[in-house]
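Colleague: If you read the sequences in order, they're chains A and B. Be aware that the first sequence starts at 193, since it is given in my numbering, and climbs by one per residue. Be aware that the second sequence starts at 193, since it is given in my numbering, and climbs by one per residue. Quick one: the structure is below, and I'll ask about it shortly.
Number of protein chains: 2
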Amino acid sequence: MLKNGQKTIRIMTAVLLMGFGGISGWGQPVTVEQWGVFEASFAGPAEGNPFADVELTAVFRQGEKTLTVSGFYDGDGIYRIRFSPPALGEWTYTTQSNRPELTGKTGTVKAVEPGKGNHGPVRVAHTFHFAYADGTPYRPIGTTCYAWIHQPMEIQEQTVKTLAESPFNKIRFCVFPKWYAYNRSEPLLYPFEGTPPSRWDFTRFNPAFFRHLEKRIQQLGEMGIEADLILFHPYDEGHWGFDRMPKEADDRYLRYVVARLAAFRNVWWSMANEFDFMDEKTPEDWDRFFQIVQRCDPYEHLRSIHNGTVLYNHTKPWVTHASIQNGSAVEDFGRAVLYRDVYVKPIVFDEVKYEGNLPQRWGNLSAEEMVYRFWEGTIAGTYVGHGETYLEPNDIIWWAKGGVLRGQSPPRIAFLRKILEEGPAEGLEPIDKWQNYPFAGKRGECYLGYFGRQSLSEWPFELHRAGLSEGMKFRVEVIDTWNMTITAVDGVFEVKKRDNYTFVDKAERTVPLPGRPYMAVRIRRVE
Amino acid sequence: MLKNGQKTIRIMTAVLLMGFGGISGWGQPVTVEQWGVFEASFAGPAEGNPFADVELTAVFRQGEKTLTVSGFYDGDGIYRIRFSPPALGEWTYTTQSNRPELTGKTGTVKAVEPGKGNHGPVRVAHTFHFAYADGTPYRPIGTTCYAWIHQPMEIQEQTVKTLAESPFNKIRFCVFPKWYAYNRSEPLLYPFEGTPPSRWDFTRFNPAFFRHLEKRIQQLGEMGIEADLILFHPYDEGHWGFDRMPKEADDRYLRYVVARLAAFRNVWWSMANEFDFMDEKTPEDWDRFFQIVQRCDPYEHLRSIHNGTVLYNHTKPWVTHASIQNGSAVEDFGRAVLYRDVYVKPIVFDEVKYEGNLPQRWGNLSAEEMVYRFWEGTIAGTYVGHGETYLEPNDIIWWAKGGVLRGQSPPRIAFLRKILEEGPAEGLEPIDKWQNYPFAGKRGECYLGYFGRQSLSEWPFELHRAGLSEGMKFRVEVIDTWNMTITAVDGVFEVKKRDNYTFVDKAERTVPLPGRPYMAVRIRRVE
């Protein structure tokens, strides 16, 4: 199932290139895959506070194209610049710094054909959908483990193993650790220098913390999983104080994170989880955070922000897609599509409540309900994310800590993923929105209809007129979304116009259904 | 029922004041009601093209406050300036013009207490709702007669009479005539000089056309009905060509309309109906139209734009409220509220399909379904508009032409209006959004719950915790929204906490219901 997603991210460490200052001084090219990570490292000042005092950037140039990339201090007198070539061929670079020993370093990077599984970063495609940079469709099937990188190492390894066998190609998780119900433990590493839990020097980062984060992002990339990185969150409440840093610390943190991570092609930026629950931040702060990330990231990775009960204005230009918490929107037909209309961007329901058995009402969906919500989102032309909250004696709950999956929805989500991968490359579009017609697809070519909780014994084969003409022929399959079966219906359906809105089978055939809920039909044109 | 809305709009025609040029030259004040219409008229040039060549404005001043008001040419060498005083007391004015004979005219207007029924223009209040300028709540209960002012005079008079007896306090209609199915007749008057149907001098307006429009707006005002004026629409298709005027003509038309009408307190500006069906216009045109209207209207009347299938971005700052066409959004619970979240402005579903019997799917709702949609919109904290499309031998269909109402929904809408008027002044807010809890109201004080198509024999009396504490007491009424009855339930319900989310009656009493659809409950705190 993960065939398309098997990717390798290699970090190439360049030889420590000394600057020559002349046009002939870029030296022998270092080769790296297109969309891979090239890294150059330089010795520089270790005294003072290099995080705050030393500025380092490099301009990468290929013909008329230039990208300005920020470097970062990695401790021990070492500075690094990472670059992910967006196009094949040679790129030259020259560094700039406020320190002479880091100024004018030059070199050449040769970007070669990407390896198997390397499709580049994910972009918005066809307005409401996604594709990798090489054009391969990407259909997000996400999950959430907020604080998995802060758990004991054996649990982290278990999470990696679980993810490798899961249907998920995106995971949401936080940079900062989490302090919340079922989550009252200290992390292995802290992002800043200082004394836990709450005395930090926000001007000095902890490189070991970020190297660990990078290792996890790289592992996810190798599994074909996008890292939807949550930059701020409210689950701290001052315990560590990462939710209430001064403005300058927030901004410096964002610049540092982007400088370190933007070259990883599988990174997405989520400004926050439940941003509206962070009382210390203002609406202007969130706008500024978006703009900092946008300005500092030369690759324009996807950017969004996730809500509690108040939505961010996703029509703002720096938002690439809406990352929404609202289980209700996929709890019934006719809701999710409304977000498409207003945002005119991809809609990702990253939280629709969780499959589990918590007493909290956001944490006790049945597996059937979780799968149902995936399908409701799908036929609305949107994307749904998974989450799991089964109680466990040691509070190792997937939603926050990872570990193992206990629920029944993941295999059904894998089944849906396969169906999406067999669908139109452009993504599924609602066929006749606002008309109680539960079909998405590509008009005139292929249709996916979902009957939800209805237990129908037949469906009358009715297609909306758009894209149809009389005589077109279709094959029909009946899909049991829970039992994961696909059954072909005998014969071919040839359409004729019935009225101003609808085409039906010319013999007025219907499609037999088994009288169970959670059934779907897939209809594909054969001639 | 229209008690609150009985208003009088008087046009005061000032004596033709000659300018003195001195500070003592403002003369005896003319008195006018606050939010009434003061009009000054001046003789000026009639030669050339006064519509295009002569500029006329007046600055009205009261202490530090100034309003700049545009004048307009009304034909026959007469220029007029209309002013609606937004505050009590004396206002002085001085004219400015590019013609000396219209420059430096001065005068004084004394705004006196508004008369009965004059509450001023409607404004946005409490984020999602409306109130008149004097603070009186305004709950829009709108209808639509697109081209009623273009029908034979006896039909227009019939429409006025029908409206006077109707529950409606807002009507949507077009400035321009309509060319569409069931609408293929020429209007009584045209907005421009020229030769029907399609040879127009867009630089010369027809004052008789606009005086007729003003008469109708004034009559609506007298009945307490807001005039939601549609400035452009696509139902022309080049027959007259008002849908495809040059940019300069569009802009001049907007400035002229606003100069003439902005002083009428019951005007709302709707940039267009089904704006997205007007292929000749660009997104930039619509933004510009909003900005012209906003700049030219010193009173900041409400501004919106109505969609076909593509929504305008109602988060833009010049949009005061979302005027939405989408019947689906109020066809089931849990949809309409989503628009509130994204726009954070009042949501008015000005078209939810029509009660009627047209073959078109947008025109054949049952009366029950129309009333149902009003209630679904209401408990979502939004507002719904009425429309009617019953076939009639002469194509006098209310939706386009007015005349008489034939449907069964208006009395039920009147019944709902009364319930709204008895509700909280701030408007009805969803009590526990996104949680399948069909209640709106004011937490801890009053609740309106609607059970839609469900035929319940009882409701378990469950209130969301917000705003409650143990021991609070409530009375309950059962409302039959179709049969228009309100029945008190015996006794008092005293609440106790049941769980983290819910309060119930301490004796766990339930509310009996008659097992019919379209039932509601109203719950009001007694102590």
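Cβ coordinates follow ideal geometry from the N, Cα and C atoms, glycine included. A quick note: this is a predicted structure, and the numbers were derived from the prediction, not measured.
Could you check where the beta strand (DSSP E) with Phe322/B kicks off and where it finishes?
Modeller: Sequence index remark: in the second sequence, residue 322/B carries index 130 (1-based). Per DSSP, Phe322/B belongs to the beta strand (DSSP E) from 321 to 324.
Colleague: List, in chain order, every chain A residue whose beta-carbon is nearer than 8 Å to that of Gly519/B.
Modeller: Position 327 of the second sequence, counted from the first residue, corresponds to residue 519/B. Here the neighbours are Trp626.
Colleague: Helix, strand or coil for Lys688/B per DSSP?
Modeller: In the second sequence, counting from the first residue as 1, residue 688/B sits at position 496. In the structure shown, Lys688/B sits in a strand (DSSP, three-state: E or B).
Colleague: Would you verify that the beta carbon of Arg714/A is, or is not, closer than 7 Å to some beta carbon of chain B?
Modeller: The count along the first sequence starts at 1 and reaches residue 714/A at position 522. No - not a single Cβ of chain B is within 7 Å of the one on Arg714/A.
Colleague: Which full runs of the alpha helix (DSSP H) of 4+ residues lie inside the segment 493 to 555 of chain B, going along the chain?
Modeller: Runs found: 528 to 535.
Colleague: For Pro426/A, tell me which candidate among Lys370/A, Asn549/A, Gly307/A has the shortest Cα-Cα distance.
Modeller: Indexing the first sequence from 1 puts residue 426/A at position 234. It is Lys370/A.
Colleague: Which residues, in order along the segment 498 to 514 of chain B, keep a beta-carbon less than 7 Å from a beta-carbon of chain A?
Modeller: From the segment 498 to 514 of chain B, only Leu503, Asn505, Thr507 have a Cβ closer than 7 Å to chain A.
Colleague: Between which residues of its own chain and Ala238/B is the CB-CB distance below 8 Å, once the five residues before and five after are set aside?
Modeller: For the purposes of this step, residue 238/B is identified with residue 46 of the second sequence, where counting begins at 1. Hits under 8 Å: Asp268, Gly269.
Colleague: In the DSSP assignment, what are the bridge partners of Gln464/A?
Modeller: On the first sequence, residue 464/A is found 272 positions in, with the first residue counted as 1. Looking at the sequence shown, residue 464/A is not Gln but Ala. Partner(s): Phe424/A.
Colleague: Along chain A, which residues have their Cβ under 9 Å away from the Cβ of Gly526/B?
Modeller: One-based indexing of the second sequence puts residue 526/B at position 334. Ordered by position in chain A, the residues that pass the 9 Å Cβ test against Gly526/B are Ser520, Ala521, Glu523, Asp524, Gly526, Arg527.
Colleague: With 16 other CB atoms within 10 Å as the buried threshold, where does Lys593/A fall?
Modeller: By one-based count along the first sequence, residue 593/A stands at place 401. Per the 10 Å Cβ criterion, buried.
Colleague: Please name the residue, chosen from Thr507/A, Ile347/A, Ala712/A, that lies closest to Asp587/A on a Cα-to-Cα basis.
Modeller: Taking the first sequence and counting its residues from 1, one reaches residue 587/A at position 395. Among Thr507/A, Ile347/A, Ala712/A, the Cα nearest to that of Asp587/A belongs to Ile347/A.
Colleague: From this set, Lys257/A, Val314/A, Arg635/A, Pro622/A, which residue's C-alpha is nearest Phe525/A's C-alpha?
Modeller: Residue numbering aside, residue 525/A sits at position 333 when the first sequence is read from its first letter. Closest option to Phe525/A, Cα to Cα, is Pro622/A.
Colleague: Using beta-carbon positions only, say whether Pro630/B and Gly641/B come within less than 7 Å of one another.
Modeller: Here residue 630/B is taken as the residue at index 438 of the second sequence, counted from 1. Here residue 641/B is taken as the residue at index 449 of the second sequence, counted from 1. Closer than 7 Å, so yes.
Colleague: Using a Cβ-Cβ cut-off of 6 Å (strictly less than) and excluding sequence neighbours within five positions of Arg202/B, which residues of its own chain qualify?
Modeller: Taking the first residue of the second sequence as 1, we reach residue 202/B at position 10. Only weak support is given to the placement of Arg202/B: the predicted model assigns it a pLDDT of 45, under 50, and the value that follows is read from those uncertain coordinates. Once the five neighbours on either side are set aside, the close Cβ partners of Arg202/B are Gly228.
Colleague: Apart from the five residues just before and just after Ala235/B, which ones in its own chain have a Cβ nearer than 6 Å to its Cβ?
Modeller: Working through the second sequence from its first residue, we reach residue 235/B at position 43. Within the same chain, Ala235/B has close Cβ partners Gly269.
Colleague: Using the C-alpha atoms, what's the distance from Thr319/B back to Ala692/B?
Modeller: One-based indexing of the second sequence puts residue 692/B at position 500. One-based indexing of the second sequence puts residue 319/B at position 127. Looking at the sequence shown, residue 692/B is not Ala but Asn. Spanning the two alpha carbons is a distance of roughly 28 Å.
Colleague: Suppose only complete runs of 4+ residues qualify. What are the alpha helix (DSSP H) ranges in the segment 303 to 371 of chain A, listed by chain order?
Modeller: Those alpha helix (DSSP H) runs which fall completely within the segment 303 to 371 of chain A and span 4+ residues are 345 to 356.
Colleague: Going by other Cβ atoms of all chains shown within 10 Å of its Cβ, with 16 needed for buried, is Gln552/B buried or exposed?
Modeller: Within the second sequence, residue 552/B is the residue found at index 360, counting from 1. Counting Cβ neighbours within 10 Å, Gln552/B comes out exposed, since fewer than 16 surround it.
Colleague: Whole angstroms are fine: how far does the CA of Arg714/A sit from the CA of Gly555/A?
Modeller: In the first sequence, residue 555/A corresponds to position 363, counting from 1. In the first sequence, residue 714/A corresponds to position 522, counting from 1. Cα to Cα, the separation comes out at about 32 Å.
Colleague: Classify Lys439/A: buried if its beta carbon has 16 or more other beta carbons within 10 angstroms, exposed otherwise.
Modeller: Counting from one through the first sequence, the residue named residue 439/A turns up at place 247. With fewer than 16 Cβ atoms within 10 Å of its Cβ, Lys439/A is classed as exposed.
Colleague: Select from His342/A, Arg645/A, Gly619/A the residue whose C-alpha is nearest the C-alpha of Glu637/A.
Modeller: For the purposes of this step, residue 637/A is identified with residue 445 of the first sequence, where counting begins at 1. Nearest C-alpha to Glu637/A: Gly619/A.
Colleague: Compute the Euclidean distance between the alpha carbons of Leu494/A and Met437/A, then round it to the nearest angstrom.
Modeller: Indexing the first sequence from 1 puts residue 494/A at position 302. Indexing the first sequence from 1 puts residue 437/A at position 245. Rounded to whole angstroms, Leu494/A to Met437/A spans 25 Å at the Cα level.
Colleague: Counting only beta-carbon separations shorter than 7 Å, does Asp533/A have a partner in chain D?
Modeller: Checking the listed chains, one finds no chain D in this structure; the protein chains it contains are A and B.
Colleague: Return the chain-ordered list of same chain residues with a C-beta closer than 8 Å to the C-beta of Val684/B, the five sequence neighbours on each side being excluded.
Modeller: Within the second sequence, numbered from 1, the residue matching residue 684/B stands at position 492. If we look at Val684/B and ignore the five residues flanking it on each side, its Cβ neighbours are Lys665, Phe666, Arg667, Val718.
Colleague: Whole angstroms is fine: what's the gap from Gln646/B's alpha carbon to Ile678/A's?
Modeller: Within the second sequence, the letter at position 454 stands for residue 646/B. Within the first sequence, the letter at position 486 stands for residue 678/A. Distance between the alpha carbons of Gln646/B and Ile678/A: 34 Å.
Colleague: Evaluate Ser289/B with the Cβ neighbour count: other Cβ atoms within 10 Å of its Cβ, from every protein chain shown; 16 or more gives buried, anything less gives exposed.
Modeller: Numbered from 1 along the second sequence, position 97 holds the residue referred to as residue 289/B. So Ser289/B ends up on the buried side.
Colleague: Nearest chain A C-beta to Leu530/B closer than 7 Å, yes or no?
Modeller: Counted from its first residue, the second sequence places residue 530/B at position 338. Leu530/B counts as touching chain A.
Colleague: Going along the segment 685 to 717 of chain A in order, which residues come within less than 9 Å of chain B, judged by CB to CB distance?
Modeller: Answer in chain order: Asp691, Asn692, Tyr693.
Colleague: Since Arg408/B meets chain A, which of its residues come closer than 9 Å, beta carbon to beta carbon?
Modeller: The residue given as residue 408/B occupies position 216 in the second sequence. Result: empty, since nearest Cβ-Cβ is about 32 Å, beyond 9 Å.
Colleague: Give me, in chain order, the residues of the same chain whose beta-carbon lies closer than 6 Å to that of Arg598/B; leave out the 5 immediate sequence neighbours on both sides.
Modeller: The sequence position of residue 598/B within the second sequence is 406, counting from 1. Tyr582, listed in sequence order.
Colleague: Tell me whether Arg716/A sits in a helix, a strand or coil according to DSSP, three-state version.
Modeller: In the first sequence, the residue the question calls residue 716/A occupies position 524. If DSSP states are grouped into helix, strand and coil, Arg716/A belongs with the strands.
Colleague: Taking all protein chains shown into account, do 16 or more other C-beta atoms lie within 10 angstroms of the C-beta of Thr474/B, making it buried, or fewer, making it exposed?
Modeller: Along the second sequence, read from residue 1 onward, the residue named residue 474/B stands at position 282. When all chains shown are included, Thr474/B counts as exposed.
Colleague: Going along chain B in order, which residues have a C-beta closer than 7 Å to the C-beta of Arg645/A?
Modeller: To locate residue 645/A, count along the first sequence from 1; it is residue 453. By Cβ distance, chain B contributes nothing, its closest Cβ being about 13 Å from Arg645/A, past 7 Å.
Colleague: Can you list the residues of chain A that Arg495/B reaches, using a CB-CB cut of under 7 Å?
Modeller: On the second sequence, position 303 is the one that residue 495/B refers to. Result: empty, since nearest Cβ-Cβ is about 18 Å, beyond 7 Å.
Colleague: Which full runs of the alpha helix (DSSP H) of 4+ residues lie inside the segment 569 to 647 of chain B, going along the chain?
Modeller: Counting whole runs of 4 or more residues, the segment 569 to 647 of chain B contains the alpha helix (DSSP H) stretches 590 to 593, 601 to 613.
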